[in-house]
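Asker: Can you keep this structure in mind? I'll have questions shortly.
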Amino acid sequence: MYDFHYGSKDQIRQNPEEFLIFVKRLLPRWINGIPDSECVAIYRTLVSMNKKDSTLIETGCGASTLAMFLYAVLNDAHIFSWDTNGSRGSFLRSVISEAICRPLEVDLYRYWSFIGFNSTDPHVGITMIKEIDLSADFGFFDSWHTLDQLSGEVECFIKIASQNFYLAIDDAYYKSQYQNFSYINMIRQKLNLSPVSEPDSNYCRPFYVEVEEYLTDKFESVDRIDDDYKKNYQEDIFFKY
Numbered sequence: 001m002y003d004f005h006y007g008s009k010d011q012i013r014q015n016p017e018e019f020l021i022f023v024k025r026l027l028p029r030w031i032n033g034i035p036d037s038e039c040v041a042i043y044r045t046l047v048s049m050n051k052k053d054s055t056l057i058e059t060g061c062g063a064s065t066l067a068m069f070l071y072a073v074l075n076d077a078h079i080f081s082w083d084t085n086g087s088r089g090s091f092l093r094s095v096i097s098e099a100i101c102r103p104l105e106v107d108l109y110r111y112w113s114f115i116g117f118n119s120t121d122p123h124v125g126i127t128m129i130k131e132i133d134l135s136a137d138f139g140f141f142d143s144w145h146t147l148d149q150l151s152g153e154v155e156c157f158i159k160i161a162s163q164n165f166y167l168a169i170d171d172a173y174y175k176s177q178y179q180n181f182s183y184i185n186m187i188r189q190k191l192n193l194s195p196v197s198e199p200d201s202n203y204c205r206p207f208y209v210e211v212e213e214y215l216t217d218k219f220e221s222v223d224r225i226d227d228d229y230k231k232n233y234q235e236d237i238f239f240k241y
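Rendered as structure tokens:
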């Protein structure tokens with residue numbers, strides 16, 4: 001179902017970003033939640049690391065997984081993805097297997113480990129990769145969209161991170177401390193229920209401000225990257241549908 005023909009292995013390797021968007025646009029909307037420009041920005045950030053055999057961490061699976069997987073295949077990296085919805089991992093596994101692994105003739109399991117559980121769990125969460133003697137070079141965080149959850153994930157991540165690492169946050173402008181009322185009220189609307197009010201106690205500073213301050217307190221040097229997404233998102237066709 002997802003094994004549409006793009007081109008030869010050489011054509012894919014020569015045009016990875018174009019191939020990435022080709023595959024991304026095969027996804028249904030429910031699992032294709034980030035703009036094309038953000039997906040490409042993730043891929044370009046990974047390329048900018050200029051590091052082979054890297055370890056990549058992701059919380060919340062979707063189109064970002066495609067970007068990270070394609071990078072992993074072309075640069076001998078490995079991804080660990082956490083999502084409490086195991087069906088998302090299973091669905092993406094079928095898409096990646098048909099759309100990426102088949103034309104590139106690679107083994108999915110060599111490059112990707114999906115964990116259908118809580119990312120902050122002490123036994124099978126992010127910190128477990130230290131048990132297999134790995135350290136993380138890149139982390140992309142896109143799970144429950146609350147500062148409490150994000151802070152827990154970032155705290156786990158820095159415990160197993162390399163000396164130099166990259167950290168990226170989806171919807172970094174969000175200001176929800178402990179509950180994602182936007183998502184809750186979307187579900188309530190589908191159930192024909194009136195929206196619930198968000199208490200003042202749930203508001204915090206934007207995630208990117210909170211996380212940058214946290215990292216600055218922990219490390220001597222923290223640089224904010226001026227990624228391509230901020231420059232290109234306004235022209236992204238994704239927002240037209």
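If you're matching positions, the sequence shown starts at 1 in the numbering used here and goes up one per residue.
Every residue, glycine too, gets a C-beta built ideally from N, C-alpha and C.
Computed from a predicted structure; not experimentally measured.
Beta strand (DSSP E) containing residue 63: first to last residue?
Answerer: Per DSSP, residue 63 belongs to no beta strand (DSSP E); it is in the alpha helix (DSSP H), 63-75.
Asker: Compute the Euclidean distance between the alpha carbons of residue 12 and residue 76, then round it to the nearest angstrom.
Answerer: So the alpha carbons of these two residues sit roughly 16 Å apart.
Asker: For residue 156, which residues from the same chain have a beta carbon less than 8 Å from its beta carbon, with the 5 sequence-adjacent residues on both sides left out?
Answerer: Result list for residue 156: 119, 120, 125, 126, 127, in chain order.
Asker: By the DSSP assignment, the alpha helix (DSSP H) with residue 212 in it spans what residues?
Answerer: 207-218 is the extent of the alpha helix (DSSP H) around residue 212.
Asker: Following the continuous beta strand (DSSP E) through residue 137, name the residue where it begins and the one where it ends.
Answerer: Residues 136-141.
Asker: Just to confirm before moving on: does the CB-CB distance between residue 27 and residue 95 stay below 8 Å?
Answerer: Taking 8 Å as the Cβ cut-off, residue 27 and residue 95 qualify as a contacting pair.
Asker: Can you list, in chain order, the stretches of the beta strand (DSSP E) that have 3 or more residues and sit fully within the region 136-186?
Answerer: Counting only runs of 3 or more, we get 136-141, 161-169.
Asker: Decide if residue 152 is buried, meaning its Cβ has at least 16 other Cβ atoms within 10 Å, or exposed.
Answerer: So residue 152 ends up on the buried side.
Asker: Taking residue 115 as the reference, which of 208, 83, 169, 133 has the closest Cα?
Answerer: Among 208, 83, 169, 133, the Cα nearest to that of residue 115 belongs to 83.
Asker: Determine the direct distance from the alpha carbon of residue 10 to that of residue 36, and round the result to whole angstroms.
Answerer: Approximately 23 Å between the Cα atoms of the pair.
Asker: Within 10 angstroms of its Cβ, does residue 20 collect 16 or more other Cβ (buried), or is it exposed?
Answerer: Classification of residue 20: buried, given that the 10 Å Cβ count is 16 or more.
Asker: Buried or exposed: residue 218, going by 16 or more other Cβ atoms within 10 Å of its Cβ?
Answerer: The residue in question, residue 218, is exposed, as its Cβ has fewer than 16 Cβ neighbours within 10 Å.
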